[in-house]
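**Q** First the structure, then my questions, so here it is.
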Amino acid sequence: MDDYLIGVLSNIGVISFVALSAYLLLLTGEISFGQQAFFAIGAYAAGIATALWGWPLAAALVWGAAIGGGAALLVGIPTLRLHGLYFAVATLAFAEMVRILFELFHYQISIGGELVGPNGAEGFRNIRYIFDNNIDAFQFLLLIYSLLAVALLGFMLLERSRIGVTFRMIGEDETLAGLQGISVARHKILAAGIAGALAGVGGGLYAHLTTYVEPRIFDVMLGVHSLAYGLIGGLGTALGPLLGVLIDIGLLESIRILAGYRMIIFGGLVALLLIVRPRGLLDEQVVYWISRLWRRIFARVRRSRLNPRDRNV
Amino acid sequence: MLKVSDIVTAYGKIEALKGVSLQVESGKITCLLGPNGAGKTTLMMTIAGILQPRRGSIRLDGKELAGLSPARIVSQGVALVPENRLVFPQMSVHENLLAGAYQRRDRGGINTDIERMYARFSTLKERREQMAGTLSGGEQQMLAVARGLMSRPRVLLMDEPSLGLAPLIVAEIFDIIAELNRDGTTIFLVEQNAHMALQVAHQFFLMEQGRITFQGTPGQLAEDEVIQRAYLGTRRAAG
Amino acid sequence: MIDLVQNTIDGVMIGSSYGLLALGFTLIFGVMRKLNLSYGPSIMIGGYLGTVLYLQYGAGLLAVAGAVVVGAVITGIYVERLCFAPMKAGAGIASMVSSFAIWMQLEQVAILILPRHTYAFPALATGLPLEFWSLLVRIDHLIVLCCALGLAAAVQLMLYRTRFGLGLRAIVGNPVAAHLVGINVQMAVLLAFAGASAIGGVAGFLVLAVDQQITPMFGMWATLKGLIAMMIGGLGSVPGAVLGGLLLGVLEAHSQWYFGPHIRDLVAYLVLFAFLVLRPGGLLGGAPETTTPLKA
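Taken in order, these protein sequences are the chains called Z, R and H.
Using numbering that gives the first Met the number 0, read the first sequence as starting at 0 and increasing by one per residue.
Using numbering that gives the first Met the number 0, read the second sequence as starting at 0 and increasing by one per residue.
Using numbering that gives the first Met the number 0, read the third sequence as starting at 0 and increasing by one per residue.
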């Protein structure tokens with residue numbers, strides 16, 4: 000696989016984490032413009048862990064997820080009572096504050112005569128863990144996708160579990176869910192924490208992938224994009240946001256010829272898509288049909304296997 | 000005057016109205032009874048143009064209303080006093096009445112009508128500057144009725160005017176309905192309170208599960224049976 | 000002490016442009032209950048059109064202003080027709096994401112019109128600032144303040160003294176009932192959108208003319224400032240929009256003076272966050288209704 004392709008796929012993999020993060024909150028009915036904050040926090044945390052403290056990558060990623068999740072809980076609690084636009088703007092405000100704080104964040108240690116660490120607006124360079132440990136690009140790609148697969152597995156299990164159904168119930172009608180005895184607050188906080196941790200893992204991976212992060216990257220654009228991925232790819236399944244990321248990054252990378260008009264075309268297409276599919280390509284309806292189709296095929300295969308004798312009737 | 004023929008209204012795949020036909024006669028009070036979920040409000044919303052029917056026709060003195068926008072339907076002379084009143088909460092009583100006359104341009108006529116409303120509904124007059132959201136249920140209902148009348152409709156549709164109101168107020172509302180009719184307004188009324196409705200209606204229809212299952216005049220059917228079917232649906236014959 | 004007053008004055012001046020931006024935003028949001036992320040970018044397109052007129056045809060100030068407003072209105076109508084009108088009632092978030100997609104589109108259109116990062120924009124008023132005791136007030140800032148107050152008063156008058164304004168308030172109060180009393184809601188929303196875009200155009204023109212330059216960052220900047228000022232002042236409130244804008248401006252001016260531009264932005268977001276958590280209705284708005292604006 001050539002380097003360019005590895006690079007694009009790695010990018011897609013890492014961004015998928017933020018997309019899944021925003022998607023999880025969407026399931027509980029809340030719009031967040033701020034998941035990029037936890038992405039940033041995870042990136043910086045994991046980067047500091049390996050580059051400044053000499054931790055191994057695995058520990059650093061866990062650390063990034065933990066800090067990301069913790070920060071999410073910190074902001075999730077005061078914003079519990081907020082809904083809709085108010086919640087969305089609060090998350091935006093929070094994320095921007097985080098970004099600005101990183102622009103003022105200096106934490107540098109001298110390692111081998113060189114200053115290493117976050118340097119405010121100049122960013123955080125030399126997160127060289129994968130080079131220092133001879134992990135090549137392809138191996139890192141595998142790491143990203145293995146973790147992504149774990150996350151997806153988690154989502155699949157979630158959708159089938161009671162917690163997952165509860166999340167969707169809260170998303171549908173919070174008041175009704177509350178009346179049925181569901182502790183809405185606890186579930187929303189849980190969702191916020193998991194989402195923060197997800198974004199944190201993504202951030203940690205991102206920092207090591209690009210070896211360099213700066214606060215400018217973690218802006219409103221990234222936040223709205225993360226949200227858009229789920230809306231475009233579909234809100235019926237965790238594969239939806241991934242599809243959205245694939246379409247955005249993947250397709251756009253390949254239409255390089257139209258470089259100057261990319262966003263004009265893409266933006267227009269997205270707007271048109273949302274008119275006919277307001278909940279994305281893989282929305283709940285489509286997912287339901289696919290699962291029905293799948294079950295029918297499966298049943299037919301199973302029937303023909305169970306009674307081989309009847310086949311000769 | 001108002002002729003509904005084979006109206007089918009659906010929410011996605013679910014047909015709430017499965018081919019409803021009825022007639023509202025000019026100058027009379029027609030009542031639609033039926034259990035919860037029968038589709039009565041859906042029918043009202045369809046006639047008012049908020050919902051679009053899949054099939055069928057709604058004619059007002061021959062003019063087709065099905066498919067028109069709600070604003071156009073109001074201009075044709077049909078006004079709906081909706082379920083739950085739906086007053087404009089942050090606007091005063093007076094402004095709510097003005098809103099009811101939105102399509103009219105005759106300042107003088109509008110003011111005269113408002114004064115008439117105040118004369119008929121004295122509580123509204125007392126509270127003319129009060130925000131509609133702070134009125135009691137009964138006052139809001141009167142406001143909603145008065146607002147509906149401001150467009151000088153030929154047919155007044157009313158969806159569950161007694162909903163959530165104390166019995167004394169309900170009696171007052173029905174007095175007003177009877178009085179409006181005596182003054183010449185054609186009324187099409189949806190009601191859960193079959194007892195009160197049958198006191199004023201000239202004819203009634205029974206709707207169950209999206210279909211009309213009975214029509215007649217209040218004398219034709221024993222009140223108990225009507226009420227039973229209106230609240231519980233048709234009894235199935237035993238055996 | 001002088002610093003305090005001077006900063007407050009400067010803050011009020013910049014705040015009046017925030018208030019204008021918030022005014023347009025609040026008009027749209029109040030009526031539609033949906034967030035338009037293309038608000039700033041639409042104004043920016045108008046700004047770019049005005050810049051082209053100025054740089055390539057030497058147009059005068061008034062012509063440029065006209066171009067900005069017209070550009071903003073046409074783009075605004077385009078956004079409304081594509082992102083908001085075709086959506087069903089509950090699809091608030093789809094509209095918002097759609098407006099985001101168009102934001103991207105408009106930003107690229109702007110760069111196609113004028114590829115470089117910065118362009119000159121005609122000045123609103125040149126000349127020495129006025130002096131009151133030792134306080135300085137720029138003439139162009141004063142013009143912006145007067146325009147902001149004037150326009151806010153005009154909008155408030157429209158809302159409470161005209162039939163159209165009554166219709167808009169009815170739509171805000173209860174959209175279904177608005178239909179039932181015979182208001183053509185679609186048309187009213189479109190007109191409100193156009194009006195808000197026009198106000199945005201005026202705001203954009205004034206800001207650009209004070210800055211005397213335009214960059215592609217203007218779109219996002221305008222949306223964010225308008226949004227913050229609107230939320231601080233209270234969603235759906237005209238005086239709130241102005242007050243929110245002024246307060247934001249004053250807070251920013253003081254923060255910037257003592258702590259620099261980063262802290263300035265930090266304070267703005269912190270104040271917004273604090274308002275949302277403690278008093279979401281903002282300064283003048285009522286408590287958020289139980290019917291959630293913008294459901295996922």
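Glycine included, each C-beta is placed from N, C-alpha and C at the ideal position.
#1: I'd like to know whether the C-beta of residue 172 of chain H is nearer than 7 Å to at least one C-beta of chain R.
#2: Considering only DSSP beta bridges, list what residue 240 of chain R is partnered with.
#3: Note the first and the last residue of the continuous alpha helix (DSSP H) segment covering residue 13 of chain H.
#4: Are any of the Cβ atoms in chain C nearer than 7 Å to that of residue 169 of chain H?
#5: Is the stretch 190-201 of chain Z close to the stretch 9-25 of chain Z, with three or more CB pairs under 8 Å?
#6: Just to confirm, are residue 138 of chain H and residue 37 of chain H a CB contact at a threshold of 7 Å?
#7: Could you tell me which of Z/110, Z/225, Z/162 and Z/237 sits nearest to residue 52 of chain Z, measuring between CA atoms?
#8: Could you tell me the distance, in whole angstroms, from the CA atom of residue 1 of chain R to the CA atom of residue 65 of chain R?
#9: Report the CB separation of residue 45 of chain Z from residue 217 of chain Z in whole angstroms; it is logged as a contact under 8 Å.
#10: Going by C-alpha distance, which of R/45, R/26 and R/29 is nearest residue 5 of chain R?
#11: By the three-class DSSP mapping on this structure, what secondary structure does residue 10 of chain Z have?
#12: Contact between the stretch 110-130 of chain H and the stretch 82-95 of chain H: three or more CB pairs below 8 Å?
#13: By the DSSP assignment, the alpha helix (DSSP H) with residue 17 of chain R in it spans what residues?
#14: What whole-angstrom Cβ distance do residue 59 of chain Z and residue 48 of chain Z have, given they're in contact under 8 Å?
#15: Do we get a CB-CB distance below 7 Å when we pair residue 181 of chain H with the residues of chain R?
#16: Please classify residue 293 of chain Z as buried or exposed, where buried requires at least 16 other C-beta atoms within 10 Å of its C-beta.
#17: Any beta carbon of chain R sitting closer than 7 Å to that of residue 283 of chain H?
#18: I'd like to know whether the C-beta atoms of residue 172 of chain R and residue 160 of chain R end up nearer to each other than 7 Å.
#19: With 7 Å set as the bound, which would you pick, yes or no: does the beta-carbon of residue 178 of chain H sit closer than that to a beta-carbon of chain R?
#20: Are the CB atoms of residue 136 of chain R and residue 88 of chain R nearer to each other than 7 Å?
#21: At 7 Å on the CB atoms, spell out the chain Z contacts of residue 261 of chain H, in chain order.
#22: Give the residues from the stretch 78-90 of chain Z that approach chain H closer than 9 Å (Cβ to any Cβ), ordered along the chain.
#23: Is any beta-carbon of chain Z found at less than 7 Å from that of residue 97 of chain H?
#24: Do residue 48 of chain H and residue 70 of chain H come within 7 Å of each other at the CB atom, strictly closer than that value?
#25: Would you kindly work out how many angstroms separate the C-alpha atoms of residue 1 of chain H and residue 134 of chain H, rounded to a whole number?
#26: Considering only C-alpha positions, which residue in the set H/174, H/269, H/207 and H/18 is nearest to residue 152 of chain H?
#27: In whole angstroms, what is the alpha-carbon distance linking residue 67 of chain R and residue 40 of chain R?
#28: Can you name the start and end residues of the alpha helix (DSSP H) that residue 173 of chain Z belongs to?
#29: Should the stretch 118-136 of chain H be called in touch with the stretch 276-291 of chain Z, which here means at least 3 C-beta pairs below 8 Å?
#30: Just checking my contact of residue 242 of chain Z with residue 235 of chain Z at CB under 8 Å: how many whole Å lie between their CB atoms?
#31: How is the alpha helix (DSSP H) around residue 112 of chain H delimited, first residue to last?
#32: What did DSSP end up calling residue 214 of chain H once you bin it into helix, strand or coil?
#33: Threshold first: 4 residues or longer. Then list the alpha helix (DSSP H) segments lying entirely within the stretch 232-302 of chain Z, N to C.
#34: Strictly under 7 Å for the Cβ-Cβ distance: is residue 102 of chain R near chain H by that measure?
#35: Could you work out which residue in H/275, H/267, H/273 and H/256 is closest to residue 224 of chain H when comparing CA atoms only?
#36: Is there a Cβ of chain H sitting closer than 7 Å to that of residue 246 of chain Z, yes or no?
**A** Well, looking at it:
#1: Judged by the 7 Å Cβ criterion, residue 172 of chain H is in contact with chain R.
#2: Any answer about residue 240 of chain R is impossible in this case: the structure gives chain R only from 0 up to 238.
#3: Note, residue 13 of chain H: alpha helix (DSSP H), 1-31.
#4: In the displayed structure, chain C is absent; the protein chains listed are Z, R and H.
#5: Cβ pair count under 8 Å is three or more, so yes.
#6: Not in contact: residue 138 of chain H and residue 37 of chain H (Cβ atoms no closer than 7 Å).
#7: The candidate whose alpha carbon is nearest that of residue 52 of chain Z is Z/110.
#8: In this structure, the alpha-carbon of residue 1 of chain R lies about 12 Å from that of residue 65 of chain R.
#9: Contact doesn't hold; Cβ gap of about 14 Å is too wide.
#10: Each of R/45, R/26 and R/29 was checked against the Cα of residue 5 of chain R, and the nearest Cα belongs to R/45.
#11: DSSP places residue 10 of chain Z in helix when its eight states are reduced to three.
#12: No, the stretch 110-130 of chain H is not in contact with the stretch 82-95 of chain H.
#13: Taken as a continuous stretch (DSSP letters only), residue 17 of chain R belongs to no alpha helix (DSSP H), being part of the beta strand (DSSP E) at 13-23.
#14: Separation of the CB atoms of residue 59 of chain Z and residue 48 of chain Z is rounded to 4 Å, and the pair is thereby assigned contact status at 8 Å.
#15: Output row for residue 181 of chain H: interface = yes.
#16: Note on residue 293 of chain Z: under 16 other CB atoms within 10 angstroms of its CB, so exposed under the neighbour-count rule.
#17: No, because no Cβ of chain R sits closer than 7 Å to the Cβ of residue 283 of chain H.
#18: Taking 7 Å as the Cβ cut-off, residue 172 of chain R and residue 160 of chain R qualify as a contacting pair.
#19: Under the Cβ distance rule, residue 178 of chain H counts among the residues neighbouring chain R, one pair being separated by less than 7 Å.
#20: In this structure, residue 88 of chain R does not lie closer than 7 Å to residue 136 of chain R by Cβ.
#21: Simply 99, 102 and 103.
#22: Those residues of the stretch 78-90 of chain Z that come within reach of chain H (Cβ to Cβ, closer than 9 Å) are 78, 80, 81, 82, 83, 84, 85, 86, 87, 88 and 89.
#23: Residue 97 of chain H counts as touching chain Z.
#24: The criterion of a C-beta distance shorter than 7 Å is satisfied by residue 70 of chain H and residue 48 of chain H.
#25: When only Cα atoms are considered, residue 1 of chain H and residue 134 of chain H end up about 7 Å apart.
#26: The shortest C-alpha separation from residue 152 of chain H is found at H/18.
#27: The straight-line gap separating the alpha-carbon atoms of residue 67 of chain R and residue 40 of chain R is approximately 18 Å.
#28: Run containing residue 173 of chain Z: 173-178, per the alpha helix (DSSP H) assignment.
#29: Judged by pairs of C-beta atoms under 8 Å, the stretch 118-136 of chain H does not touch the stretch 276-291 of chain Z, as fewer than three such pairs exist.
#30: At roughly 11 Å, the Cβ-Cβ gap does not stay under 8 Å, so residue 242 of chain Z and residue 235 of chain Z are not in contact.
#31: From DSSP, the alpha helix (DSSP H) with residue 112 of chain H extends over 91-112.
#32: Coil at residue 214 of chain H, not helix or strand.
#33: You should have 238-244 and 261-275.
#34: For residue 102 of chain R, at least one C-beta of chain H is nearer than 7 Å to its own C-beta.
#35: Selected option, being the one with the closest Cα: H/267.
#36: No, because no Cβ of chain H sits closer than 7 Å to the Cβ of residue 246 of chain Z.
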